[in-house]
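Below is one structure, written out as structure tokens; the observations come after it.
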Amino acid sequence: MNYLAIIDKYYQKDTPLYNIFLSHSISVKNKALNIARRHSLDVDLQFVEEASMLHDIGVFLTYAPLIHCFGSHRYIEHGYLGAEILRKEGYPKHALVCERHTGTGLSLEDILQRNLPLPHRDMMPVSLEEQLICYADLFFSKTRLESEATLDALQQKVALWGEKSLNTFKKWLNMFE
2 MNYLAIIDKY YQKDTPLYNI FLSHSISVKN KALNIARRHS LDVDLQFVEE
52 ASMLHDIGVF LTYAPLIHCF GSHRYIEHGY LGAEILRKEG YPKHALVCER
102 HTGTGLSLED ILQRNLPLPH RDMMPVSLEE QLICYADLFF SKTRLESEAT
152 LDALQQKVAL WGEKSLNTFK KWLNMFE
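For what it's worth, the working numbering labels the leading residue of the sequence shown as 2, then goes sequentially.
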């Protein structure tokens, strides 16, 4: 797979959005690969690299002007929209990372209770690779590209999402730190 060719198909080079997208994706990729190597995780490193670089491929379809996105969808939809793109490109396994990386994942119950504009299905990270990329993504914002969130700041942020998300985050801390 040539993930840069896929990125270039959907993002115009040398634009603010392209630079934000690439910078964020590289940060997530590097963190995920560093964790995998540091802990000798039994993961497919090539897949982790590819999926980390493509996990936000659907963001251009959303309306998020602070990161130069002027699409018609809500930002929370970027995961499943990216999954649709990668399925169309022939990468169903990579699509699952897109679909399952929002926050600590979204259960069907979360989607229904919060009336989220998402397909009614479970979108929780399942495989170790999915969990690793989801965890690494938590550390990086597209609006603060130069900084990595601290564990304390992340724990406080995730706690706002509810006990289930906080428990998932704590499980990942034990696995990845």
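We put the beta carbon where it would ideally sit given N, CA and C, even for glycine.
Residue 74 bridges to which residues according to DSSP?
Note: residue 74 sits in a beta bridge opposite 63.
According to the Cβ coordinates, are residue 146 and residue 24 closer than 7 Å?
Contact: yes.
Between residue 166 and residue 72, how many whole angstroms is the CB-CB distance? I'm expecting something under 8 Å.
That pair is no contact at about 26 Å.
Can you give the Cα-Cα distance for residue 4 and residue 155, rounded to whole angstroms?
About 29 Å.
Since residue 178 contacts residue 52 with CB under 8 Å, what's their CB separation in whole angstroms?
Their Cβ separation, rounded to whole angstroms, is 21 Å, which puts residue 178 and residue 52 out of contact at 8 Å.
Where residue 158 and residue 49 are concerned, what is the direct C-alpha to C-alpha distance, given to the nearest angstrom?
Answer to the nearest angstrom: the Cα atoms are 25 Å apart.
Quick test of your reading: residue 81 and residue 119, contact by CB under 8 Å. State the CB separation rounded to the nearest angstrom.
Right, their Cβ atoms sit about 6 Å apart.
What do you reckon, are the CB atoms on residue 69 and residue 18 nearer than 7 Å?
Yes, these two residues count as a Cβ contact at 7 Å.
Is the separation between the beta-carbon of residue 170 and that of residue 29 shorter than 7 Å?
Not in contact: residue 170 and residue 29 (Cβ atoms no closer than 7 Å).
Residues bridged to residue 119 by DSSP?
Residue 119 is not bridged to any residue.
Let me know the secondary structure DSSP gives residue 163 once reduced to three states.
Looking at residue 163 - three-state DSSP - the assignment turns out to be coil, as it is neither helix nor strand.
For residue 107, does the three-state DSSP call read helix, strand or coil?
Three-state DSSP puts residue 107 in a strand.
Between residue 55 and the rest of its own chain, which residues show a CB-CB distance below 6 Å, the 5 nearest in sequence each way excluded?
Correct list, in chain order: 4, 95.
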